[in-house]
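Notes follow the structure.
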Amino acid sequence: MQPISDPDVQILAGLAAAIASDYARPTNDPWAGSPFQWILAVPSRSKGAIGESLVAGWCAAKGFDVVRSTSTQADRIIHGHRIEIKFSTLWKSGGFKFQQIREQDYDYAFCIGVSPFDAQAWLLPKELLREHVIGHMGQHTGARGNDTAWLGFPSDKPYQWMEPYGGRLDDVAKLLASNGKGGY
70 MQPISDPDVQ
80 ILAGLAAAIA
90 SDYARPTNDP
100 WAGSPFQWIL
110 AVPSRSKGAI
120 GESLVAGWCA
130 AKGFDVVRST
140 STQADRIIHG
150 HRIEIKFSTL
160 WKSGGFKFQQ
170 IREQDYDYAF
180 CIGVSPFDAQ
190 AWLLPKELLR
200 EHVIGHMGQH
210 TGARGNDTAW
220 LGFPSDKPYQ
230 WMEPYGGRLD
240 DVAKLLASNG
250 KGGY
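Residue numbers for the sequence shown follow my numbering, so the first one is 70 and each next one is one higher.
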């Protein structure tokens with residue numbers, strides 16, 4: 070936050086803060102006070118980069134090697150695996166939508182969904198996406214489209230086929246470790 074240097078504006082800001090509760094309507098915004106709230110105000114085209122940074126930082130904090138992919142086909146190389154990162158904030162409908170899922174050269178899609186005070190994640194093998202998403206859940210071209218797909222579901226009811234591949238971040242960490250070091 071930018072500091073206020075003008076003493077008169079400081080007085081005004083102090084007065085405004087003191088009387089705010091008398092005038093401000095109470096909010097039922099579930100994102101109020103969330104460490105992720107600021108992400109909602111970022112343009113959609115930037116949210117993917119935020120998701121990539123969050124996942125890369127989290128994976129590094131968990132002890133996995135993380136490098137930027139040299140190919141545009143995957144976002145990161147994590148623990149030797151080519152990973153495409155998909156990010157969603159919780160929609161007002163109560164679900165996540167992971168968009169722009171394509172037939173590209175990656176091993177796994179790391180899907181991370183952020184709620185006001187929680188996060189869920191899945192490490193979905195590419196073969197599984199081919200079976201259930203790519204060519205089945207068209208994003209821009211209808212259900213029969215196969216160039217771009219999306220994966221959407223209520224946050225409390227992911228698809229049953231996703232269950233073995235995460236749910237919690239700790240589940241994804243265990244999967245990354247149990248899959249062993251990849252060849253990249």
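Each residue gets a CB set at the ideal place from its N, CA and C atoms; glycine is no exception.
The model shown is predicted, which means the values in this text are computed figures rather than measured ones.
Rounded straight-line distance, which links the Cα of residue j to that of residue i
i, j, result
"Gly214", "His205", "Caution is warranted here: a pLDDT of 49 is assigned to Gly214, below 50, making its placement in the model unreliable, and the coordinate value is therefore given only provisionally. So the two alpha carbons sit approximately 7 Å from each other."
"Val241", "Gln229", "16 Å"
"Ser138", "Asp98", "37 Å"
"Glu172", "Val202", "10 Å"
"Ser224", "Gln142", "27 Å"
"Trp107", "Phe179", "22 Å"
"Gln189", "Ser113", "20 Å"
"Pro254", "Thr96", "Not covered by the structure: residue 254. The range shown for the chain is 70 to 253."
Range covered by the beta strand (DSSP E) that runs through residue i
i, result
"Ile154", "150–158"
"Ser140", "From DSSP, Ser140 is part of no beta strand (DSSP E); its letter is neither H nor E."
"Trp100", "Per DSSP, Trp100 belongs to no beta strand (DSSP E) and is neither H nor E."
"Ser184", "177–184"
"Gln169", "164–170"
"Trp219", "218–223"
CB contact below 8 Å: residue i versus chain C
i, result
"Phe133", "Checking the listed chains, one finds no chain C in this structure; it contains a single protein chain."
Contact check, residue i vs residue j, beta carbons under 8 Å
i, j, result
"Val124", "Ile170", "no"
"Leu220", "Val183", "no"
"Asp176", "Ser140", "no"
"Leu245", "Leu192", "yes"
Nearest to residue i (by Cα), restricted to the options the options
i, options, result
"Thr217", "Ala246, Gln168, Trp191", "Gln168"
"Gly164", "Lys226, Ala129, Asp134", "Lys226"
"Lys250", "Asp134, Asp239, Gln189", "Asp134"
"Gly102", "Gly235, Asp187, Ala246", "Asp187"
"Pro233", "Phe222, Ile146, Leu197, Tyr253", "Leu197"
"Lys131", "Asp144, Asp91, Lys243, Asn248", "Lys243"
Delimiting residues of the alpha helix (DSSP H) encompassing residue i
i, result
"Gln189", "Run containing Gln189: none in the alpha helix (DSSP H); it sits in the beta strand (DSSP E), 187–194."
"Ala87", "76–92"
"Leu109", "Segment: none, Leu109 is in no alpha helix (DSSP H) and carries neither H nor E."
"Lys243", "238–247"
Segment contact, 8 Å Cβ cut-off, at least three pairs: the stretch 117–135 with the stretch 148–155: Flag = yes, the stretch 117–135 and the stretch 148–155 touch.
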